[in-house]
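If you're matching positions, the sequence shown starts at -13 in the working numbering and goes up one per residue. All residues carry an ideal CB built from backbone N, CA and C; glycine is no exception. Below: the structure, in structure tokens.
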Amino acid sequence: MGRWGERFFEGDNDLDEASMISEDAGIELYNYEIDERESNDFSFSGKGLEATREHLNMAGSLSPKELRLVLLAVLAMRVGATIQPIHMDLLRDAYTKIDVSPKYSWVLSDSGFRAPMKEQFEIALARYKNDGTPHNFDAVRCENKECAKERTDLAEGQALKKCGRCQEVVYCCKECQAQGWARHKKVCMTPEKRAEKEKKRNGGGFMSLNV
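Set out below in structure tokens:
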């Protein structure tokens, strides 16, 4: 089991769970080409949750039940499934019970959940339209978490602009950059300094998020 990134489906366990959930639900949810009719017809409460209840309650899984539920929700949101209010409330509670592992974790102490994944899910809970519109978990968004706009949310002529120092995170406007600075300044560093830090941490050898 390995992880090459800190976001959803950037690890073997995520992809394995997605495959099993899709098999249980009887519909391909990960490698899914959005179809407007199917998106409108697909009901989270009718197909997603009920069809995978046995998998979510499965004993002996390396993934905690709450993480399996969150992964199911992520798959459902990616295709624009309808999620009933009672199930949204369940998700708002469930994800807070998942331990967040450090970026570099040994397999045996790895919960399968990372801080960027938690942020992705929090943004989804806040911005999911629940009207058949798929949620793009991979979209580049404004770093100010109170905003979290993606490119398609911006007015014509506006663009997301990179932080001038780290060249990594983006903001939709100067106001959002100012509001998000207190949080971002703790980790903001130039690309050169970031590369140097990673090299020292790993001693110049092969680097993995978990081994």
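Boundaries (first-last residue) of the alpha helix (DSSP H) holding residue i
i	result
F123	Run containing F123: none; DSSP gives neither H nor E here.
Q106	101 to 113
S8	-2 to 11
K171	No alpha helix (DSSP H) contains K171, which DSSP labels as neither H nor E.
A59	51 to 64
As assigned by DSSP and simplified to three states, the class of residue i
i	result
V93	helix
E136	strand
R(-7)	coil
T82	helix
R187	helix
E161	helix
D75	helix
E142	coil
G98	coil
E182	helix
G166	helix
Beta-bridge pairing of residue i - partner residues as DSSP gives them
i	result
V156	C128, K148
T176	Answer by DSSP bridge pairing: none, since T176 is not bridged.
Proximity test, Cβ basis, 9 Å: residue i and chain D
i	result
F99	In summary, chain D is missing from the structure at hand, where a single protein chain is found.
Residue i, buried or exposed, once every other Cβ within 10 Å from all chains shown has been counted against 16
i	result
L94	exposed
E142	exposed
Q106	buried
K135	buried
V60	buried
V65	buried
V156	buried
I69	buried
E132	exposed
L55	buried
M144	A quick correction: the sequence has Gln, not Met, at residue 144. Classification of Q144: exposed, given that the 10 Å Cβ count is below 16.
Whole-Å CB distance - residue i paired with residue j, under 8 Å assumed
i	j	result
D(-2)	G(-9)	Between G(-9) and D(-2) the Cβ distance is about 11 Å, and since that is not below 8 Å, they are no contact.
N130	Q165	5 Å
S87	F99	6 Å
Residue i: CB within 8 Å of a non-hydrogen atom of the ligand MG
i	result
E(-8)	Looking for the ligand MG in the displayed structure turns up nothing, as the structure carries no ligands at all.
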